[in-house]
Amino acid sequence: MTPRSWLFVPGDAAAKIEKATNSGADALILDLEDSVALSRKDEARSIVAAALRHDARKNGLQFWVRVNPFSSGLTQRDLIAVTGAVPDGIVLPKSESGADAATLSAYLGDLEAAAGLTHGQTKILPIATETPLSIFNLGTYNQSGGRLIGLTWGAEDLPAAVGATASRNADGSLSDLCRLARSLCIAGAAVADVAAIDTVYPDFRDLEGLRAYAAQGRRDGFTGMMAIHPAQVAVINEVMSPTADEILHARKIIQMFETNPDAGVVSIDGKMIDLPHLKQARRIVAAMRA
Ligand code: COA
Ligand code: MG
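Per the working numbering, residue 164 is the first one in the sequence shown, and the count goes up by one each step.
Right, dumping it as structure tokens:
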């Protein structure tokens, strides 16, 4: 099942990695990119590889690694350092198209073979909206192969790349460019038939703001969200899980269509229910956790 909460941890911070394993997150993203200074990249690679080998994957906790982008020239070194230590997947920042994810997939195939791992076991989550060009390619991730499990987006790099002075409006809402990127990320994920994962909520002390933001994301189609602080994890897990009422209603819809197999449209509690609702209902039931 695709993780609901993805907690970022700077890759050179061993104590934080330890702390993060007890955060309740579904997945950790051990970061080798922007939260690690250039002078600390090597140190971070060893700490991340050691953390993966140490393997605290209790209760199904997934360990992902965010490598540096292709444009940095550091990606290969990152991948060589961590792939053999068996991360669940790689987060690819500044991905510009499905072709970038396919390129990463080919690198991973070679490294898996060298390490004696099963071909295809290392999954991929691209951050797919961080460069201006990437916005025009969000519909191409259906061509990146079977490792892709989701698409996510970022609200910081794109505004900087186009010369905008901020990613948010004066009232705190996302700029038009960011809203466009966010919506296209949802549509692009649907094209590729993978999960849409929402970006981080940077104000980590404001848990009510996070809750409202995440709830909007779920209504819009996101099924998971990234976090930067352990305190954000519980809120995200809760908001990104179906509620008891939703499950009850979804089961009603599924049952209604099962008992009326020839019906295209039915009514429940005075509301019209047709195929799109059945699809949603099946998704909600599929997203239930034990
Ligand atoms: N993972 C694990 N532990 C974390 C954490 C994280 N992402 N963020 C904070 N913590 C720990 C702190 O180390 C601290 O531990 P301690 O009590 O043992 O000292 C505790 O949680 C409370 O932290 P707090 O004082 O509230 O925050 P901070 O000022 O120490 O840290 C940040 C704030 C933003 C630096 C920190 O949350 C962080 O590093 N976030 C991740 C940044 C990142 O990876 N960015 C890249 C993607 S956008
Ligand atoms: Mg970024």
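Just so it is clear, CB atoms sit at the ideal spot from N, CA and C, and this is done for glycine as well.
Exercise. Flag H392 as yes when its Cβ comes closer than 6 Å to any non-hydrogen atom of the ligand COA, and as no otherwise.
Key: Under cutoff, so the answer is yes.
Practice problem: Take P295 and list the residues in its own chain whose beta-carbon comes closer than 8 Å to its own, dropping the five residues that flank it on each side. | Solution: L321, A324 and V325.
Self-check item: Span separating the alpha-carbon of V211 from that of H440
Solution: In this model, V211 and H440 are separated by some 43 Å (Cα to Cα).
Quiz item: What do you reckon, is the C-beta of F171 under 6 Å from a heavy atom of the ligand COA?
Solution: Yes - the ligand COA has a heavy atom lying nearer than 6 Å to the Cβ of F171.
Quiz prompt | Nonlocal neighbours in the same chain, by C-beta distance under 7 Å from G309, ignoring five residues either side | solution = Cβ within range, chain order: G283.
Exercise. May I ask you to list the residues that DSSP assigns as paired with S168?
Key: Beta-bridge pairing links S168 to M388.
Exercise. Let me know the alpha helix (DSSP H) ranges lying completely inside the region 401–438, each 4 residues or longer, listed in chain order.
Key: Counting only runs of 4 or more, we get 407–422.
Practice problem: Flag this pair as yes or no: are the beta carbons of Y304 and G272 separated by less than 7 Å? | Solution: The Cβ atoms of Y304 and G272 lie no closer than 7 Å to each other.
Quiz item: Along the chain, which unbroken stretches of the beta strand (DSSP E) at least 3 residues long are found entirely within the region 285–328?
Solution: Within the region 285–328, the complete beta strand (DSSP E) runs of at least 3 residues are 286–289 and 313–315.
Quiz prompt | Where A359 sits in the DSSP three-state scheme | solution = Secondary structure of A359 (DSSP, three-state): strand.
Practice problem: Put D175 into one of helix, strand or coil per three-state DSSP. | Solution: DSSP places D175 in coil when its eight states are reduced to three.
Exercise. Please check the pair Q306 and A248, which I expect to be a contact at CB under 8 Å, by giving their CB distance rounded to whole angstroms.
Key: The Cβ separation is near 29 Å, so there is no contact.
Quiz item: For D194, does the three-state DSSP call read helix, strand or coil?
Solution: Looking at D194 - three-state DSSP - the assignment turns out to be strand.
Quiz item: If you measure from the CB of D194, is any heavy atom of the ligand COA nearer than 6 Å?
Solution: D194 Cβ: within cutoff of the ligand COA.
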